[in-house]
Each structure stands twice: as structure tokens, then as C-alpha cells.
Amino acid sequence: MSDTIDIGIDLGTTKSVLAVFERGNVSVRRHNVSHKDTLPSAVMVRRDKIFVGEKAREQAFGRSDAAFAFKRKMGTAERFQLGGQVYSPVELSALVLKELRERHFDNQPLDAAVITVPASFDTRQTMATVEAGKLAGMKQVINLQEPIAASLAYANSILKGEFPDRPWLVYDLGGGTFDAAVVQIAGGELKVLEHEGDNYLGGVDFDRLIVEQFVYPHLADQYGLEDADFSEFTSGSGKYQRFYGRYMLAAEEAKKRLSVDSSAELENMEFGLDPEERDSFDLRITRSDFERSIRPLADKSVDLVNQLLTRCRLRPADLAFALFVGGSTYIPLIRQRVAECLGIDVRHDIDPVSAIAVGAAYFAGTRIKEIPSAPMGGGGPRPRLAVKVAYARTSLETTEIFAARVDGDVAGLWYRIEREDHGWDSGRKRLTERINEDLPLVRDCFNVFRLLVLDDDGNPVSTDVGDITIAQGVEVLGPPLPHPICLAHDDVAAQEVCLHEVFKRGTKLKASRRIEVETTRSLARGRDENMVLFQVCENEKDLPREAWKPIGELVIEGRHLTRDLRKGDRITCRIEMNESRELSILAEIEMTDQRFQQAYNQRERTVTRADLFERAIEIEDRLDDAMSAANEQQAYERSEQIKALQRRLRKAKAEVEAMPDDDRSDRKYQLEDEFRAIATEHYRIDGPRQVEEKREQLAEALEQARQSVEEGGNDLDRRRLEDARRQAAAARSRTDPHALRVAIDQLNHIHYGICWRTPDFLVRVFQDLSTDYHSRFNDAALADQLLQAGKQAVENEDWMRLQRVNFDLIDLLPDLERGRFPGETGIRVVD
């Protein structure tokens, strides 16, 4: 009986694998009927029966009762109608996990597991993976990034302590996702230095290209189909949808054959709406034609690797080797392109299909269960002694302390600890209520010890202690956060919603952060006109709003309150993320001693054709403005870069226009990512210009404030100006637009603070309010009274009275009319 998790699962897009750690070794469990290592990640529901695996995979595309590749839609609002029931991607994944337990684990209790996720998965997808594990009956689920799992498998199976002194590249191209990561073992610590990836690049995309570029053109030629008819294969209501799955399945088999043969035949393919008059056809594809079709995707993976190396400031020559994992790395072109472009040693000496699960199992063998272990073979006699042990499951030292506390009668008992290789033995010692031993470790391997308790006659005494397993030599550091986590808040100075960075990219998990906010509006108890919103986004904080990725939110409404929340009240927010990237938010209102956590809602990703079109228009307008500015400034290089983005946008927008509303493919998610990437790249290109404009505005605001202080300021104004000068100098030296906006706002506050004490300014404001704004006041009768009072104040030169009248009139204008930012989130970060 083990107190570690020991189970590693690769929950793949096309195939899933379960591996078990036991006594320092890992074995991949086979299906107890098909005897295969892998289980197709496919589900079919027919006549109230659920089928998972091979049978479901054969029917998965194009049928209303079968689903496949749903891992790509984890964390989304997509739903699958199977056999009259509605399933989410999480529920389908849970069915795959249950089948792994029943068929690959002999239906033994599976209450804890390490489940791998692509490093490029966002937080919604990783949280959905944890949810799937728990829905499958697991009480403890730990997510592990796939590059770490692959490296652990390689370190334990192949390297065995002979670790390179340089980092290496993990190139993971699976059935549905691509991951590239730079990994290094230094001082016995394994860590991911950086990663890059694409959640929509994998083997199913190669299959789709075979259908699009070979099967469909054949059909178009034989049956006169138009280009637009291809959507009839991929949309939910398409008249040819039933054939798409069969073609995809045949394409997958052809792809596999083309990894070893120079050509492949797609045989006995059918087409025709009338079941009685369907035509049958064969189609031959050569490896060279197939490689020509997938080369852009192969090159895209290499481009992502180069981006990764650039971010790490590494050359390919700085890498020890490239480790290939994932079934799609069997394709000869993939191996060839990576070797050609990087010019480094490419290694594929571990099974690319099972490597991820094997590494996850090694990791699981070092993670303690946080729940009591269930008996493997049913009940049995209770042990005579209960022993609570404490020791490190991983160690970089050559000895490790083992401590134990014994509950039970120890009179006349002895103990000894043996290492499994018989290389060390503690000797027989009198048993007391406490045990403390220094266990010597063999380097770079799993050391297995056994605690024996004996009576005076040498007979064994039963305990509840299983194997004592310590991994010496490699310790996995906390997984790095692949994307920054930010909190949206109302930036009153900037007059817009901005992002406050909570966790930086690369933060080691788990992590916790305490943030102080204050409310930017009042919230009445029991009323829901307003709310306070803690919205969490997963992207860099300076990106334009079109590039934001909201992942969840905590909402506080009036019905949640025990007393009114006033504008300016403080709320303490604690945001935590564990090593599986499960996110939690706790908000505490100091004045009422109320705590809010249960209302946190993970936001599922929802993408519609209308959403995509609206986003395309917004980005199009921004690019047009940026192009005008570039032409005006004769910035030809920037102009060419923006033109390239406009071409990308037009291409993506055309795809949206041609997409059916009920498209069931992954393309809408890819297009949303493409729009986000265009907006991000636009920020990279045009950001420096915007920063320079802010710096010019800062210089103008500084000069304006200086003149105002010089002409009408007092001692307090002069001190404020000196403080503002220092802040402006600091902001000018940075490339942070937010810091520049705050510095400009501070200087404008000084300038207008003086203006509001100046008679000429007060009179001009009153005249503007009397003429330009007269019809826009919310309360016309009160406005007329104030206007009469203002005229009297001007005649009497009562400037204090005129100032109050102006303020009261401005308060009668709508928020936007009076230049006041109404706010969206209801909070402002103050720390």
C-alpha cells in the first residue's frame, strides 16, 4: 500500500494512456480486451449505451451519436448532442478517464492521479481537466505540463543520471496540440525555462488537410461541387456531414501508412445522398503530395520553436538535443524539417506515444496522496501497529532523514530498515515510539526501502507502512505559469478599464497574492442595479482590450450585502493558484466583515460568428488609424508592418464571412486566437509610437502646469509640482503607457486646480454651460435656478459662489458629458 499517487495519465486529443509507478519503475497498462497501450479518446452513445474507445472512434466523425477530439474544446461552452443527451467536453473527458480505470486499471480504485496538460493550455482548459478528473470519481487531481512529463520520462528511462550540462528542447507534436519547451536539469532541479505552443496544431489538422486538399477536390471534380459546398461537410446541419467523419478516419489511416510507405490508398470511399445510389471510389495519395500539403504546418511548428529560442536568448547550437514526443513526430517530414532548420541532434529513442504518461507516473510516484488510500484487494485484518512516517519523496542529498511515530504496544518488538538492492541495512534495533534514521541514497535513481517490525522470536509484525521510495537526483521545481494573470479594474485617471498584473509569466506555482482595492461606485444592499466585478484575465497587462482573454470573475451584488457599500470602501482581494492552475478568489469587505468566494465563476470560452465579425471590425478600425498615423509621419517601415497585419486580418475576416453559423470545427477558436494575435502584434508595432505621443503630451502638461503655478500658484501648488516633476521624470524613462497617463493626469490636476480659482476661467466655464450644454442637463428646472444664481454671482464678482454653481451644473450632466468615467468593474486597485 502506497501513500503516493503513483498513477499518471496522458489525457490526449486522439489517444489516452495510463501508466503506474511501482517500486521505482513505471509500467504502461494495457486495455484488458484489446491489449493495446492506448485508448482512443472517443465516445459514442447509442440506445442508452455508452461506448468509449475503438468502437466509438470508428464512428466519431460525422455521426450525431459520437464525439472525438473534444480535448480541443475543454474550457469552452461547446456541447455535444449524443444519443439524445447533451455532453460537455469535461463530461466526455470524464467518460474517457472512467474507461481507463475500468479497462486499463482493472477497475481498481482510482481516487488520485497526475493528469498531463499541454504547456500552452490556458487556465480555463487546465481547470476543466481537473474538473473532468473529479467528475470521473477522483478526489485529488494534479495537472502536470507535458514537456515536464516528457523530460521526466527521458531522464529516468534513458539518461539515468547522465544529464547534459546544457538545456534541451522538447518538441511535442501530438494528435491535437503542439508544445515546444526549453528544459534544463541544473543542480538536480528540472525546470522549464520557457515554452511556446499552439492548441490547434496536431495530427487531426494533417488529417483535415488530406480531406480538404485531396478528397474534396476529387469530389468537386467528379460531382461538380462548388468551393462553398465544403461547409456542408463541416457544419452541424451540413447535408454531407455524415461523410466527413468517414473521410477523416480514412485520412488518419493514410497518414500513418505514409510515414512508412511512399503512397497510400483510400479505398472503398462513398459519396451520395441517396443510400441506394451511392458511388464508391478509391483515391491514391503519394508521400510527396502529403508532405507538400502539411509543410506549412510543419514550418509553423519550427517558427514557434525559433520564437521560443529568441525569447530564451538561445541559439540552436546552445541546445544539447531536441527530444521528440507525440505520435505525429513519426511523420518523416516533421523530423526532417526540425533537423534541417535547427541543425541539432534529434532524439526519438523513447516511445513518443506513451512517454507523457510514463513521465506523469514518475512524477506521481513522488507526490503524497492527500486522501486516505483505499485497499487494493478489499478488506483484511487491521495491522497491529499504526505507523505515521515522514520523509522527503525527492532529494538532492546522498542521505535523507526518515522519521516515524508508532501507535500501539511496542514492548518486546524490534525494527530494521533495508534497502531493496541489499546495499544497506540499518541492523536490528529495539522499537520505540519514535524512529529516526539517516537513509543512504544511491545517486540518480529511485531508492526503495522497507520497514520491518519483528517480535523477539523474529516473527514479522504487521504495520500500515508500505514501500519507502525516495527519488534521488532530479527534483521538479514548481511548474512555471505560462501566461500572466491580471485583474481588470477602473483606472479613473486614464478614464478606462485597465489591467493590474497579479502573477507574472513564469511565476512558480503555487502562488498567492493579496491586493487592496477600493470601490469606484456605491452598492446598495438588496438592490442589483450595480455590481462590483473582479474579472480575471490571462494575458499581458499592457495589451489592447481586443487581445484580452477573460477567464473568470467574482461578482458581488447588492443581494449579497449585509449593509450598503459606499464609494471608496476598501475590499481585500486574495487570488491564489495551485500547481494545477486551479484559480480561486477571496474578497473580504473590511467594514462589514463579509467574505465572498463561492460566487467565483470560471468563464467558459464562447465564440460565435457574430463575435468574430465584431472583433474584426474593431481591429480593422485600429489598424486604419495606425496606418494613417504612419503615413502622416512617413514611417515607411511601420507602414509596411501594418499593411501585413491588414492582409492577415482581411484573410481571417473573409473566413468568418464564409463560415456557417453552426460550424462545429475548431476553426472559430483558431480565428479568435488569430484576431488576438493580430491585436497583440499591432500593439508591438504601434506601441512605441503611442508611448512617444504620451511622452509629448507629458511634456506639454508639465509646461502647462509650470506656467499655471508660476502665474497663480501658492506654496502647496509648488510642492505638488515638484512631486509631479519627479513622477513625470520616472514615467518618461519607462515604456509603460499607464504610468505616463497617471503622470499626465497628476499635472493636469495641478493646472486645473489653479484654473478653478481663476475668475476668467470660472466665467468661461459658466458661459459654456449656459449655451453649449443647456439642453443636456438631467434636471432642467434645477439647472435654470443654478443658471440664475450663476449670473448673479458673475455680476457680484462672487467667485467662490460661481465655482460652486459650476460644480453643481456639471453634476447635472450625464457622466460622459461631464468627462467623468462611470467605470465598469466598480473597483480600483490601490496597492
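Residues 6 to 836 in my numbering are what the sequence shown spells out, letter by letter. Note that CB positions come from ideal geometry on N, CA and C, so glycine has one too. Note that this is a predicted model, so its numbers are computed, not measured.
With respect to E480, E151 sits apart: the two C-beta atoms are not nearer than 7 Å. If you draw a straight line from the Cα of M132 to the Cα of A99, it comes to about 13 Å. Contact annotation: the segment 636-653 does not touch the segment 569-589, with fewer than three C-beta pairs closer than 8 Å. Within a 10 Å sphere around the beta-carbon of N148 sit 16 or more other beta-carbons, which makes this residue buried. Taking C-beta atoms under 8 Å as the contact rule, F326 and A154 fail to qualify, at a distance of about 18 Å. Bounds of any alpha helix (DSSP H) do not take in E270; it lies within the beta strand (DSSP E) bounded by S268 to F276.
In the DSSP annotation of this structure, N544 is not part of any beta strand (DSSP E), being labelled neither H nor E. Note that the C-beta distance between L591 and Q602 is below 7 Å. Just measuring C-alpha positions, the residue of A733, L390, G432 and R340 sitting nearest A706 is A733. As summarised for the segment 156-244, the continuous alpha helix (DSSP H) elements at least 4 residues long and confined to that stretch are 208-215, 221-228 and 236-239, given in chain order.
Looking at the DSSP output, A24 sits in a beta bridge with G13 and V33. R575 places its beta carbon 7 Å or farther from that of E543. DSSP, reduced to helix, strand and coil, places G563 within a helical segment of the structure shown. In this structure, E829 keeps its C-beta atom at 7 Å or more from the C-beta atom of V537. Assignment of N311 by DSSP, reduced to helix, strand and coil, places it in the helix class.
Taking the Cα of Q675 as reference, the smallest distance to any Cα among R77, D42 and V22 is reached at R77. The C-alpha of V522 lies about 18 Å from the C-alpha of H565. Per DSSP, reduced to three states, the secondary structure at E96 is helical.
Annotated as proximal: L559 and F539, with beta-carbon spacing under 7 Å. Residue pairing by DSSP places F539 opposite L559 in a beta bridge.
A distance of 7 Å or more separates the beta carbons of I440 and F454.
Going by DSSP, V768 is part of the alpha helix (DSSP H) stretching over P764 to T776. For K434, the three-state secondary structure derived from DSSP is strand. Within the same chain, and ignoring the five residues on either side of K509 in sequence, the residues whose Cβ sits closer than 7 Å to its Cβ are P489.
Put simply, the backbone Cα of I163 is about 13 Å away from that of F329.
Proximity to D813 across V714, I55, V25 and F771 peaks at F771, based on C-alpha coordinates. When secondary structure is reduced to three states using DSSP, Q477 falls in the strand class.
Residue state for N464 is assigned as coil, using DSSP reduced to three classes.
Under the 10 Å beta carbon count, H200 is surrounded by 16 or more other beta carbons and is classified as buried.
Collapsing the DSSP output to three states places P693 in a helix. When DSSP states are grouped into helix, strand and coil, N783 belongs to the coil group. The distance from the Cβ of T9 to that of K374 is about 6 Å, consistent with a contact at the 8 Å cut-off. With contacts defined as CB atoms closer than 7 Å, V411 and L444 fail to qualify as a contacting pair.
Sorting F211, D53, H36 and R52 by C-alpha distance to the C-alpha of P45 places H36 at the top.
Put simply, of A663, A657 and D53 the residue whose alpha carbon is nearest the alpha carbon of E677 is A657. Residue pairing of F454 in beta bridges, as defined by DSSP: R424 and I473.
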